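Colleague: Residue numbers for the sequence shown follow full-length UniProt numbering, beginning at 1 and rising by one.
Backbone N, C-alpha and C define an ideal beta-carbon position, used for all residues, glycine too.
This structure is a prediction, so every number in the text was calculated from the model and none was measured.
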Amino acid sequence: MNRLAGKVAMITGAGRGIGAAIALAFAREGACVVLAELDIATARETAERIGHETGTTNVIALETDVTQSASVQAAVTQTEARFGPLDVLVNNAGINVFCDPLTMTDEDWRRCFAVDLDGVWNGCRAVLPGMVERGRGSIVNIASTHSFKIIAGCFPYPVAKHGVIGLTRALGIEYAPNNVRVNAIAPGYIETQLTLDWWDAQADPKAARQATLDLQPMKRIGQPQEVAMTAVFLASDEAPFINASCITVDGGRSALYHD
Ligand code: NDP
Numbered sequence: 001m002n003r004l005a006g007k008v009a010m011i012t013g014a015g016r017g018i019g020a021a022i023a024l025a026f027a028r029e030g031a032c033v034v035l036a037e038l039d040i041a042t043a044r045e046t047a048e049r050i051g052h053e054t055g056t057t058n059v060i061a062l063e064t065d066v067t068q069s070a071s072v073q074a075a076v077t078q079t080e081a082r083f084g085p086l087d088v089l090v091n092n093a094g095i096n097v098f099c100d101p102l103t104m105t106d107e108d109w110r111r112c113f114a115v116d117l118d119g120v121w122n123g124c125r126a127v128l129p130g131m132v133e134r135g136r137g138s139i140v141n142i143a144s145t146h147s148f149k150i151i152a153g154c155f156p157y158p159v160a161k162h163g164v165i166g167l168t169r170a171l172g173i174e175y176a177p178n179n180v181r182v183n184a185i186a187p188g189y190i191e192t193q194l195t196l197d198w199w200d201a202q203a204d205p206k207a208a209r210q211a212t213l214d215l216q217p218m219k220r221i222g223q224p225q226e227v228a229m230t231a232v233f234l235a236s237d238e239a240p241f242i243n244a245s246c247i248t249v250d251g252g253r254s255a256l257y258h259d
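1) Specify the secondary structure class of C154 as computed by DSSP and reduced to three states.
2) In terms of residues, what are the limits of the alpha helix (DSSP H) holding E133?
3) Can you give me the Cβ contacts of R82 inside the same chain, cut-off strictly under 7 Å, excluding the 5 residues immediately before and after it?
4) Can you name the residues that DSSP bridges to L62?
5) In terms of DSSP beta bridges, what is P187 paired with?
6) Quick check: what's the CA-CA separation for V76 versus A126?
7) Helix or strand or just coil, what does DSSP make of R181?
8) Give a single yes or no on whether A93 has its beta carbon closer than 6 Å to a heavy atom of ligand 1.
9) Exposed or buried, A207, counting other C-beta atoms within 10 Å across all chains shown (16 or more means buried)?
10) Name the one or two DSSP bridge partners that A9 has.
11) With respect to the beta strand (DSSP E) encompassing I18, which residues constitute its N-terminal and C-terminal limits?
12) Given a threshold of 16 other Cβ atoms within 10 Å of its Cβ, counted over all protein chains shown, does G84 qualify as buried or as exposed?
13) Between which two residues does the beta strand (DSSP E) carrying V140 extend?
14) Quick one: any contact between the segment 207 to 218 and the segment 233 to 245, if contact means 3 or more CB pairs under 8 Å?
15) Could you check which residue in E226, G137, G94, A239 has the C-alpha nearest to that of Y157?
16) Starting from the C-beta of E63, find all residues in its chain whose C-beta is less than 6 Å away, skip the five residues before and the five after it, and write them out in chain order.
17) I'd like to check one pair, V66 with G119: are the Cβ atoms closer than 7 Å?
18) Using DSSP bridges, identify the partner residues of C99.
19) State the beta-bridge partners of G222 as determined by DSSP.
20) Considering only heavy atoms of ligand 1, does any lie closer than 6 Å to the CB of R253?
21) For ligand 1, is there a heavy atom less than 6 Å away from the beta-carbon of E37?
22) Can you check which of these residues, S71, C32, A9, is closest to L38 by C-alpha distance?
23) Which residues in the same chain have their Cβ closer than 7 Å to the Cβ of V97, if we skip the five residues on either side of it in sequence?
24) Short check: CB of A47 to CB of L35, under 7 Å?
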């Protein structure tokens, strides 16, 4: 229950889905938690729910756009004014941009990279100076199994997610001497609004859902809290020598040879 006691953590895109599950798990483990989210109304509701469920008063929502470095920096400044120095950053905010490469607009390319890669860098850049100065910190970047594998028709999302692994490894090495760990989690299919929206966009959403389940070795997809458990571990002092790594949370799906 107290694996993150005394730690201050910020999670981007934490109003719903995986980010909200991470925020709840962190609060349960005793962290002071900041939900840095574009949709402030959702983030406030989620922060309130976390407060009710855990009894903590150390949970707040801050309107944050990860595509804007000044917005992320402002969220870090407000977090530290309220709770003290940040120990943990989870760069979770992400969007699906699935296009055909040759008909994709420039706007789609930029929108994808602005959130899925620049957003992660903006978070890292905002917290690293303080973490380096204090000689401690843990950054957890939410990547994807699209960081290693390609599905046709999903361009350019996997390109940006491959970049998240590169960024994680590069920063993990740069700041290892300062005791700042930078790791990633690569979720497979997880049941969030993002996934529901994707199924709903298919011609036959029910069949699309079933086809997804059939592809899973465990015959189910993952739940947000199953990613959150891994984030707790990486953020905690239980993982002091895990750095520049990525933990896959996909029920074994990406180890399968055949589709
Ligand atoms: P959701 O869409 O459910 O939640 C993402 C949250 O991020 C939303 O609240 C969204 O707010 C917020 N957000 C979007 N853009 C920004 C921004 N510019 N600044 C701040 N917040 C923003 O997604 P998931 O929970 O499913 O995904 C979370 C992460 O996990 C993403 O990085 C995703 O790529 C990754 N992932 C998800 C998988 C899955 O199967 N669900 C699989 C693999 C990886 P708003 O609603 O206002 O847009």
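Modeller: Reading from the atomic positions:
1) In the sequence shown, residue 154 corresponds to position 154, counting from 1. DSSP places C154 in coil when its eight states are reduced to three.
2) Locating residue 133 in the sequence shown gives position 133, where the first residue counts as 1. Residues 119 to 134.
3) Here residue 82 corresponds to residue number 82 of the sequence shown, with the count starting at 1. Result list for R82: I60, in chain order.
4) Position 62 of the sequence shown, counting from 1, holds the residue named residue 62. Paired residues: A36.
5) Numbered from 1 along the sequence shown, position 187 holds the residue referred to as residue 187. Paired residue(s): V249.
6) Looking up residue 76 in the sequence shown gives position 76. Looking up residue 126 in the sequence shown gives position 126. So the alpha carbons of these two residues sit roughly 7 Å apart.
7) Mapped onto the sequence shown, residue 181 falls at position 181. DSSP places R181 in strand when its eight states are reduced to three.
8) What you label residue 93 is simply residue 93 of the sequence shown in a count that begins at 1. Indeed, a heavy atom of ligand 1 lies less than 6 Å from the Cβ.
9) Translated into the one-based positions of the sequence shown, residue 207 becomes position 207. Label assigned to A207: exposed.
10) Numbered from 1 along the sequence shown, position 9 holds the residue referred to as residue 9. A9 is bridged to V33, V88.
11) What you label residue 18 is simply residue 18 of the sequence shown in a count that begins at 1. First-last for I18: 17 to 28, but that is the alpha helix (DSSP H), not the beta strand (DSSP E).
12) For the purposes of this step, residue 84 is identified with residue 84 of the sequence shown, where counting begins at 1. Per the 10 Å Cβ criterion, exposed.
13) On the sequence shown, position 140 is the one that residue 140 refers to. Where V140 is concerned, the enclosing beta strand (DSSP E) stretches over 137 to 142.
14) no
15) By 1-based counting over the sequence shown, the position of residue 157 is 157. When each option's Cα is compared against that of Y157, the closest is G94.
16) Position 63 of the sequence shown, counted from the first residue, corresponds to residue 63. Once the five neighbours on either side are set aside, the close Cβ partners of E63 are I40.
17) Taking the first residue of the sequence shown as position 1, residue 119 is located at position 119. Taking the first residue of the sequence shown as position 1, residue 66 is located at position 66. Yes, these two residues count as a Cβ contact at 7 Å.
18) The residue you call residue 99 lines up with position 99 of the sequence shown. F155, per the DSSP bridge assignment.
19) On the sequence shown, residue 222 is found 222 positions in, with the first residue counted as 1. DSSP lists I190 as partners of G222.
20) The residue given as residue 253 occupies position 253 in the sequence shown. Not under cutoff, so the answer is no.
21) Reading the sequence shown from its first residue, position 37 is the one you call residue 37. At least one heavy atom of ligand 1 is nearer than 6 Å to the Cβ of E37, so yes.
22) Here residue 38 refers to the residue found at position 38 of the sequence shown. Residue S71 is the option with its Cα nearest to L38.
23) For the purposes of this step, residue 97 is taken as residue 97 along the sequence shown, with counting starting at 1. D108, R111, C112, P156, Y157, listed in sequence order.
24) Translated into the one-based positions of the sequence shown, residue 47 becomes position 47. Translated into the one-based positions of the sequence shown, residue 35 becomes position 35. Going by C-beta atoms, A47 is nearer than 7 Å to L35.
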